[in-house]
Amino acid sequence: MNNLLEHFVTLWVVIDPIGTIPVFIAVTAGLEAAARRKMALVASIISAGILLFFLVFGQLLIEALDIGLNSFQVAGGIILFLFAMTMIFGESKQDTEQRAAEEDIKDQMHQHNPAIFPLAVPSLASPGAMLAIVILTDNNRYSVADQGITALVMISVVAIAFVLMLLAEPIIRLIGHSGAAIISRVMGMILASVAVNSVLSAILEIMKTGQL
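This is the structure:
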């Protein structure tokens, strides 16, 4: 149960469904309701597919490069911690991605599909989310059943993000852009704690087994 809760919190923070709402509003400005729903659905499916790919093949890629999982977990924890610091002290994720989306709209650069960029990647399937899903499905620590549960948790977080995108406008009216930024920074604090715990766990495992 503790692992399940930790995995849910970690995936919620790195996927950041709430932080995606302003980005969604920016890239769907002027679209009809049906087009907005379709874009939200496509972005959710693509992001879930990308994260599932890393869940299944991420560790295989690491092992093919002969990188020890403990070493990867330490590096991953450090990267997640730095990512958390940007959430806390830097420009919020939604501000950065919303500005990029608005600049694209102003420049009339619509060669790409906004459902893919910036919604699916990097807003939902962010580098932090890709990294986290690999760490949370370590073959040496988690059984296939456990990894399946983590996959369901990830899909549930993406599904929540999909629902929030459909409810984007009333949510923003309720909490405002400032409220979304505050929530993002609180999530950054939680992610920093999870990242530190990941690094300490890996270091203790290295000390215990002597294996990187």
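Throughout, the numbering used here is defined as the position within the sequence shown, counted from one, plus 179. Ideal Cβ positions, reconstructed from N, Cα and C, are used throughout, including at glycine. Since this is a predicted model, take the numbers as computed values, not measurements.
Distance from the Cα of residue 339 is smallest, within the candidate group 357, 269, 185, 223, for 223. Relative to residue 366, the option among 315, 236, 198 whose CA is nearest is 198. For a cut-off of 8 Å, the C-beta gap from residue 238 to residue 317 is around 7 Å, short enough to register as a contact. Under a 10 Å Cβ-count criterion, residue 253 is classified as buried, with 16 or more other Cβ atoms of the shown protein chains found around its own Cβ. In this structure, DSSP gives residue 325 a helical state, which the three-state scheme calls helix. In this structure, the alpha-carbon of residue 331 lies about 26 Å from that of residue 247.
In terms of CA proximity to residue 362, 268 leads the group 379, 268, 225. The way I'd put it, the region 182-198 does touch the region 298-310; three or more beta-carbon pairs between them come closer than 8 Å.
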